[in-house]
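Each position in the sequence shown, counted from 1, maps to that position plus 460 in the working numbering.
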Amino acid sequence: MRGYVLGVISLLAVCFLATPYAGRLLLHLVALPYPSIAVGDAPAADAIAVLSGTGPPHHRPLGPGELPNRLDAGLALFRARKAPLLVLTAQASDWDERRSEVASELPPADVLIVGPAKNTREEAECLAQAAEARHWRTVLLVTSGYHVRRARLLLERCIARRSLSLIVIAFPADTLYYERWPAGSRLYLPGAAGLGYTGRAAKEILGSIGAFF
461 MRGYVLGVIS LLAVCFLATP YAGRLLLHLV ALPYPSIAVG DAPAADAIAV
511 LSGTGPPHHR PLGPGELPNR LDAGLALFRA RKAPLLVLTA QASDWDERRS
561 EVASELPPAD VLIVGPAKNT REEAECLAQA AEARHWRTVL LVTSGYHVRR
611 ARLLLERCIA RRSLSLIVIA FPADTLYYER WPAGSRLYLP GAAGLGYTGR
661 AAKEILGSIG AFF
């Protein structure tokens, strides 16, 4: 009987974690310590580093309730003259694409592409290399709110290994990314999408722990 009860509880737990509601809740908790920051309130830095993800900039005014993605935020910081250089991470296959995403707004001299980087750990290593080569003292790290903790921890580890004096200032973008996921009753229906959202949250939580090793 005890085994049966545990089995039922386990099944219910899996079903709950497979719902978009659970994924949104977990990601909200992960992002909670990193609320949105107004561009005007961001400090000046030597570079603005934008991690890959969330697509190209919109190149248009955002609608009501629409939040800037990572590149939108990076461009807004650059327009506000928060740093003289916009740094984008890229995989080997999308180097030219990353540059073209901002080519209509920035001259090549104002953009630095670093890579190749297939994941956040490699992005952190590439940014640390650039910081060492260019003698940066401060960098604005732009990424999604739920991704801030893991990304900053990985970058700070790379900085420490190189014995650099670099201050990393997180600038959360698209902090409510998960709010665009299924609404209404679909929030509570288990499925592959729900597992994907929960898996993303688990990746951030476990990755933040793994960054210490």
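We put the beta carbon where it would ideally sit given N, CA and C, even for glycine.
Since this is a predicted model, take the numbers as computed values, not measurements.
Requested in this report: Could you tell me which residues DSSP puts in a beta bridge with L546?
Outcome: If you number the sequence shown from 1, residue 546 lands on position 86. BP columns for L546 point to I508, V571.
**Report entry** Whole-number beta carbon distance between V628 and L615, since they are thought to touch under 8 Å
**Finding:** For the purposes of this step, residue 615 is taken as residue 155 along the sequence shown, with counting starting at 1. For the purposes of this step, residue 628 is taken as residue 168 along the sequence shown, with counting starting at 1. Taking a contact as a CB-CB distance under 8 Å, the pair L615 and V628 counts as one, their CB atoms being some 6 Å apart.
Query raised in the report: L546 to L477, Cα distance in whole Å?
Result: Here the question's residue 546 lines up with position 86 in the sequence shown. Here the question's residue 477 lines up with position 17 in the sequence shown. In this model, L546 and L477 are separated by some 38 Å (Cα to Cα).
Query - D634 beta carbon less than 8 Å from that of T549 - result: As a working note, residue 549 is residue 89 in the sequence shown. As a working note, residue 634 is residue 174 in the sequence shown. If you check the CB distance, T549 and D634 do not come in under 8 Å.
Query - Every unbroken beta strand (DSSP E) within the segment 574-635, with a cutoff of 3 residues, ordered by chain - result: Counting whole runs of 3 or more residues, the segment 574-635 contains the beta strand (DSSP E) stretches 598-604, 627-633.
Query raised in the report: How about D506 and V608: are their beta carbons less than 8 Å apart?
Result: Start at 1 with the first residue of the sequence shown, and residue 506 comes out as number 46. Start at 1 with the first residue of the sequence shown, and residue 608 comes out as number 148. A distance of 8 Å or more separates the beta carbons of D506 and V608.
Requested in this report: Determine the contact status of A590 and A543, defining contact as a CB-CB distance below 8 Å.
Outcome: Within the sequence shown, the letter at position 130 stands for residue 590. Within the sequence shown, the letter at position 83 stands for residue 543. No, these two residues do not count as a Cβ contact at 8 Å.
Query - Selected residue, minimal CA-CA separation from S460, among V574, H518, L485 - result: The structure shown does not extend to residue 460, since the chain spans only 461 to 673, so no value can be given for it.
**Report entry** Run of the alpha helix (DSSP H) containing G534, from where it starts to where it stops
**Finding:** The residue labelled residue 534 in the question sits at position 74 within the sequence shown. Its alpha helix (DSSP H) spans residues 530-539.
Report task. Measure the C-alpha to C-alpha separation of L485 and A536 and round it to an integer number of angstroms. Result -> Numbered from its first residue, the sequence shown carries residue 485 at position 25. Numbered from its first residue, the sequence shown carries residue 536 at position 76. Taking the straight line joining both Cα atoms gives about 29 Å.
Report task. Take the Cβ of N579 as the centre, count every other Cβ of all protein chains shown within 10 Å, and call the residue buried at 16 or more, exposed below. Result -> Start at 1 with the first residue of the sequence shown, and residue 579 comes out as number 119. By the neighbour-count definition (other C-beta atoms within 10 Å, threshold 16), N579 is an exposed residue.
Report task. Tell me whether A593 is buried or exposed, calling it buried when 16 or more other Cβ atoms sit within 10 Å of its Cβ. Result -> As a working note, residue 593 is residue 133 in the sequence shown. Exposed.
Query raised in the report: For G651, which of helix, strand or coil comes out of DSSP?
Result: Numbered from 1 along the sequence shown, position 191 holds the residue referred to as residue 651. DSSP, read as helix, strand or coil, puts G651 in coil.
Query raised in the report: Got a sec, what are the start and stop residues for the alpha helix (DSSP H) V499 sits in?
Result: Counting from one through the sequence shown, the residue named residue 499 turns up at place 39. First-last for V499: undefined, no H or E at that position.
Query raised in the report: Can the beta-carbon of A630 be found less than 8 Å from the beta-carbon of Y494?
Result: For the purposes of this step, residue 630 is taken as the residue at position 170 of the sequence shown. For the purposes of this step, residue 494 is taken as the residue at position 34 of the sequence shown. A630 places its beta carbon less than 8 Å from that of Y494.
**Report entry** Helix, strand or coil at T658 according to DSSP, with G and I counted as helix
**Finding:** Position 198 of the sequence shown, counted from the start, is the residue given in the question as residue 658. Helix at T658.
**Report entry** Three-state secondary structure assigned by DSSP to E526
**Finding:** Residue mapping note: residue 526 aligns to position 66 of the sequence shown, counting from 1. Shown here, E526 sits in coil according to DSSP, grouped into three states, outside any helix or strand.
**Report entry** Own chain residues within Cβ distance below 8 Å of F538, not counting five before or after
**Finding:** In the sequence shown, the residue the question calls residue 538 occupies position 78. Cβ within range, chain order: I508, L546, L566, D570.
Query raised in the report: Per DSSP, what kind of secondary structure is E561 in: helix, strand or coil?
Result: For this step, residue 561 is matched to residue 101 along the sequence shown. If DSSP states are grouped into helix, strand and coil, E561 belongs with the helices.
Report task. Compare the beta carbon distance of L531 and P521 with 8 Å and say whether it is the shorter of the two. Result -> Start at 1 with the first residue of the sequence shown, and residue 531 comes out as number 71. Start at 1 with the first residue of the sequence shown, and residue 521 comes out as number 61. No, the Cβ-Cβ distance between L531 and P521 is not below 8 Å.
Query raised in the report: At which residues does the alpha helix (DSSP H) containing P480 begin and terminate?
Result: Taking the first residue of the sequence shown as position 1, residue 480 is located at position 20. Secondary structure note for P480: its alpha helix (DSSP H) is the uninterrupted segment 480-491.
Query raised in the report: What is the DSSP secondary structure of L566, reduced to helix, strand or coil?
Result: Against the sequence shown, residue 566 aligns to sequence position 106. Here L566 sits in coil by DSSP.
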